[in-house]
Amino acid sequence: MADTVEFELVSPERLLVSASVEMVVVPGAEGDFGVLPGHAPLISTVRPGVISTYEDGRVVSRIFVAGGFAEVTAARCTVLADEAVELEGADRAAVEGRLRAAREEFADADNDAERAAAEAEIAVAEAFLAAIDGVGRT
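Position 105 of the sequence shown, counted from 1, bears residue number 105 in the numbering used here, the numbering being contiguous throughout.
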C-alpha cells in the first residue's frame, strides 16, 4: 500500500491543489474526517471550514473552503469547493467587510429566500474569520 494519498482541490475558477500528501483533513458536514491511504470510499458534503494537509506528521497547508463535495477512494481525495482560499495571507479586513455586507443583506431581506441566502453567507464569513484566527485549528 502506498504511504500517500493523492489530494485534489478544485474551485470553480481552477485546480488549486494536486499533490501527494500523507493525510488530508476535510471539514465534512457531519464532522471533520481524515483521509489516509486505504480509506474506505465515501462521498460527503463539505461545510465551511479548513482543509489541512499533512506531511511528516505536521500541517503543511491550511485552505479555507466555503462548502462543496468530497469524494474519497483508497488512493485519492478530491474536493470540489464552492470557494477556496489559502489561509496564509488571507485578508481579514476583506472578510470582515464581507460579514458586514451579509448582515446588511439579511436585515434588508424581503423574503425567506433572501434571508436564507444571507444566512448562508454569514455562516461562511464567520467560519472564514474563525479559520483566520486559528479557532478549531486542525
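Every residue, glycine too, gets a C-beta built ideally from N, C-alpha and C.
Predicted model, so just to flag it, every value in this text is computed and none were measured.
By the three-class DSSP mapping on this structure, what secondary structure does residue i have?
{"i": "Gly-134", "result": "coil"}
{"i": "Gly-97", "result": "helix"}
{"i": "Ala-84", "result": "strand"}
{"i": "Ala-109", "result": "coil"}
{"i": "Leu-36", "result": "coil"}
{"i": "Arg-92", "result": "helix"}
What residues in its chain sit with their C-beta under 6 angstroms from that of residue i, if we drop five residues either side in the sequence?
{"i": "Glu-162", "result": "Given a span of 1 to 138 for the chain in the structure shown, any question on residue 162 remains unanswerable."}
{"i": "Ile-43", "result": "Glu-71"}
Closest to residue i by CA distance: which of the options is it?
{"i": "Ala-130", "options": "Phe-64, Leu-42 and Asp-56", "result": "Phe-64"}
{"i": "Glu-88", "options": "Val-50, Thr-45, Met-23 and Glu-8", "result": "Val-50"}
In chain order, what residues of the same chain lie with their CB nearer than 7 angstroms to the CB of residue i, ignoring the 5 residues before and after it?
{"i": "Ala-122", "result": "Rather than Ala, the amino acid found at residue 122 in this sequence is Ile. Leu-99, Ala-102, Arg-103 and Phe-106, listed in sequence order."}
{"i": "Ser-11", "result": "Ala-81, Glu-83 and Ala-84"}
Would you decide whether residue i is buried or exposed? Buried here means 16 or more other CB atoms lie within 10 Å of its CB.
{"i": "Val-5", "result": "buried"}
{"i": "Leu-150", "result": "Limits of the chain in this structure are 1 at one end and 138 at the other, which puts residue 150 out of reach."}
{"i": "Ser-18", "result": "exposed"}
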